[in-house]
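Structure, as structure tokens:
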């Protein structure tokens, strides 16, 4: 009742305006260059942040695996703690570090590193930093169990048969983990696509993202257009579902190849 | 040996990246002046004191606890029994549960907010109740996963059968045998759900806005007025989350020990 009904209603209302059934909302959403740009920004930001977080955590989990269990557990608790650190508190923390009078901004000014001192947090690269931050704990938590699936015996067997470490990972490790990696990527991608709070806290509604557009269309006092917001929301949902379906499909495909 | 050093260094940088924002914010909450210098000019408890004297903050905090808390409590009264019944007696319906889990993950707050506003503004019920309803659903994956895992861990079905074989009634077997065995797992799910809801901003902001000011909305307002107060809020939030995280990890360890022994 609180989940399906609103979604259905939203879907229906995306086809209406004050006069009744119409496809105009979609026409606006799909042909308005501003909204399209929002989608483009959202997709690039989500994809790039997901890939960076994924690659970093692949190495990180590999490095973690060499520690003893108690140490691993402590690292995991710490990662867990940072995974709760998202949204507005996170945006604020980055303002403290890199904002206009942030810690690092001042530090770089002192050292006369202009390129870094003029770094703007309220831009694409700033958002990317924050997105990577909240993607990392999630990606670490998702990859950790997948790494556990790689058994020490396989490595030994491969070594006995004459494979070096690189060969082992290229021929055995990565292929075995691939479905998990792809799945993790799609979760991360969806996670970033739906993120709203951090971007909103950082840039208000200045930076053009699909989620932010929905927010402004809903709450805009003068130009509130809930029907258009519905249409964008449906499109956003469709993007995320297709990402998930795509990963599901590629998982099946890789499994068959194994 | 060289390779090991590189890996350690890499991990160290990652941890720095993850922890630095947290440490910096905590510092900022105790700093007297920190606008022109790299390190704070002095340390003070002023900001925390001001924060805790602010009635608005105390009320916002209360509202957050009330809203997230009642969502978790309601979920446990209505959702957990349903999960019990399905996992224990109707395993064939479990794939529907999985579908709900995926659906909840697939639709983020921004999308749900649109639907909520379209659906419930016309009906005239208070929007805060609609948000509460969505909250209950949105923690479903965590509660479901937690409950199902702990039921699996203790072999719930056999446990119940054994208790009944030994002469316990269904009710007795459930209350005296099963519940104590899975209690830590359930508690972990509850704490996790609470901490997730406590940090929720999108729905509450878009659907109810400042009419029901939670900690997150209070923080958003302070962001533009006072950086120091904002960091004090974040600090309090972090301490709370830290306590919850520790409690969760301790309980998880306990419930694992329970199975082993």
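Chains as they are written, first to last, in our numbering: chain A, 1450 to 1707; chain B, 9 to 269.
Quick reminder that beta carbons are idealized off the backbone N, C-alpha and C, glycines included.
As the structure is a prediction and not an experimental result, all values here were calculated from the model.
Under 8 Å, Cβ to Cβ, is there at least one residue of chain A near residue 119(B)? Mapped onto the second chain, residue 119(B) falls at position 111. Closer than 8 Å to the CB of residue 119(B) there is at least one CB belonging to chain A.
Using the C-alpha atoms, what's the distance from residue 1575(A) back to residue 1652(A)? As a working mapping, residue 1652(A) is identified with position 203 in the first chain. As a working mapping, residue 1575(A) is identified with position 126 in the first chain. Roughly 10 Å between the two C-alpha positions.
Could you compute how far the alpha carbon of residue 84(B) sits from the alpha carbon of residue 1572(A)? Taking the first residue of the second chain as position 1, residue 84(B) is located at position 76. Taking the first residue of the first chain as position 1, residue 1572(A) is located at position 123. Approximately 42 Å between the Cα atoms of the pair.
Start and end residues, alpha helix (DSSP H) containing residue 229(B): Taking the first residue of the second chain as 1, we reach residue 229(B) at position 221. 223-233 is the span of the alpha helix (DSSP H), which, as asked, contains residue 229(B).
Taking the straight line between their C-alpha atoms, what separation do you get for residue 1694(A) and residue 106(B)? Taking the first chain and counting its residues from 1, one reaches residue 1694(A) at position 245. Taking the second chain and counting its residues from 1, one reaches residue 106(B) at position 98. Cα to Cα, the separation comes out at about 15 Å.
Where do the ends of the alpha helix (DSSP H) carrying residue 1642(A) lie? Along the first chain, read from residue 1 onward, the residue named residue 1642(A) stands at position 193. Looking at the DSSP string, the run of the alpha helix (DSSP H) that includes residue 1642(A) is 1623-1643.
Is residue 176(B) helix, strand or coil when you go by DSSP? Locating residue 176(B) in the second chain gives position 168, counting from the first residue. In this structure, residue 176(B) counts as coil in the three-state DSSP scheme.
Residues of the segment 182-203 of chain B with Cβ closer than 7 Å to any Cβ of chain A, in chain order: Look at the segment 182-203 of chain B: the residues with a C-beta under 7 Å from a C-beta of chain A are 203.
Using Cβ-Cβ distances below 9 Å, what residues of the segment 1502-1513 of chain A are close to chain B? Against chain B - using a Cβ distance shorter than 9 Å - the residues of the segment 1502-1513 of chain A are 1505, 1506, 1508, 1509, 1511, 1512 and 1513.
Check whether the segment 1654-1663 of chain A and the segment 1485-1496 of chain A are in contact - that is, three or more C-beta pairs closer than 8 Å. Remark: three or more beta-carbon pairs, one from each stretch, lie closer than 8 Å, so the segment 1654-1663 of chain A and the segment 1485-1496 of chain A are flagged as touching.
Note down, in chain order, each residue of its chain lying with its Cβ closer than 6 Å to the Cβ of residue 223(B), except the 5 sequence neighbours on either side. Your numbering for residue 223(B) matches position 215 in the second chain. For residue 223(B), where only same-chain residues beyond five positions count, the Cβ hits under 6 Å are 68, 69 and 72.
Give me the residue from 1527(A), 1617(A) and 1516(A) with the minimum Cα distance to residue 24(B). Residue mapping note: residue 24(B) aligns to position 16 of the second chain, counting from 1. Nearest option by C-alpha distance: 1527(A).
Contact defined as beta carbons within less than 8 Å: I believe residue 225(B) pairs with residue 212(B). What is the distance between those atoms, to the nearest angstrom? As a position in the second chain, residue 225(B) is number 217, starting the count at 1. As a position in the second chain, residue 212(B) is number 204, starting the count at 1. The Cβ separation is near 7 Å, so the contact holds.
So with CB distances below 8 Å, who are the chain B contacts of residue 1531(A)? The residue given as residue 1531(A) occupies position 82 in the first chain. By Cβ distance, chain B contributes 26, 27 and 30.
So that I know if they touch, is there some Cβ in chain A lying closer than 8 Å to that of residue 69(B)? What you label residue 69(B) is simply residue 61 of the second chain in a count that begins at 1. Chain A, which has no Cβ nearer than 8 Å to the Cβ of residue 69(B), makes this no.
Which one of 1509(A), 1545(A) and 1685(A) has the shortest CA to CA distance from residue 1645(A)? Along the first chain, one-based indexing puts residue 1645(A) at 196. That would be 1685(A), whose Cα lies nearest to the Cα of residue 1645(A).
Count the other CB atoms within 10 Å of the CB of residue 65(B); is the residue buried (16 or more) or exposed (fewer)? The residue given as residue 65(B) occupies position 57 in the second chain. So residue 65(B) ends up on the buried side.
Report yes or no: do three or more beta-carbon pairs, one from the segment 1509-1524 of chain A and one from the segment 1627-1635 of chain A, lie closer than 8 Å? Touching, no, given that fewer than three Cβ pairs across the two stretches are closer than 8 Å.
Would you call the CB atoms of residue 190(B) and residue 59(B) closer than 8 Å? As a working note, residue 190(B) is residue 182 in the second chain. As a working note, residue 59(B) is residue 51 in the second chain. No. Outside cutoff.
Proximity below 8 Å, CB of residue 242(B) to CB of residue 1542(A): Numbered from 1 along the second chain, position 234 holds the residue referred to as residue 242(B). Numbered from 1 along the first chain, position 93 holds the residue referred to as residue 1542(A). Residue 1542(A) is positioned such that its CB atom lies closer than 8 Å to that of residue 242(B).
Flag this pair as touching only if the segment 137-154 of chain B and the segment 12-19 of chain B have three or more C-beta atom pairs under 8 Å; answer yes or no. Inter-segment contact for the segment 137-154 of chain B and the segment 12-19 of chain B is absent: fewer than three beta-carbon pairs are separated by less than 8 Å.
Residue 118(B), buried or exposed, once every other Cβ within 10 Å from all chains shown has been counted against 16: Translated into positions along the second chain, residue 118(B) becomes position 110. Classification for residue 118(B): buried.
For residue 1648(A), decide whether its Cβ has a neighbour in chain B, counting only Cβ atoms nearer than 8 Å. For the purposes of this step, residue 1648(A) is taken as residue 199 along the first chain, with counting starting at 1. It does not: the Cβ of residue 1648(A) has no partner Cβ on chain B nearer than 8 Å.
Taking Cβ positions only, does residue 1535(A) come closer than 8 Å to chain B? Sequence index remark: in the first chain, residue 1535(A) carries index 86 (1-based). Closer than 8 Å to the CB of residue 1535(A) there is at least one CB belonging to chain B.
Taking residue 1692(A) and residue 1635(A) to be in contact with their CB atoms under 8 Å, please state how far apart those CB atoms are, rounded to whole angstroms. Position 243 of the first chain, counting from 1, holds the residue named residue 1692(A). Position 186 of the first chain, counting from 1, holds the residue named residue 1635(A). Indeed they touch by this definition, with Cβ atoms about 5 Å apart.
Determine, for residue 1591(A), whether the minimum Cβ-Cβ distance to residues of chain B falls below 8 Å. By 1-based counting over the first chain, the position of residue 1591(A) is 142. No, because no Cβ of chain B sits closer than 8 Å to the Cβ of residue 1591(A).
When the Cα atoms are used, what is the spatial distance from residue 36(B) to residue 82(B)? Counting from 1 along the second chain, the entry for residue 36(B) is found at position 28. Counting from 1 along the second chain, the entry for residue 82(B) is found at position 74. Rounded to the nearest angstrom, the two C-alpha atoms are 37 Å apart.
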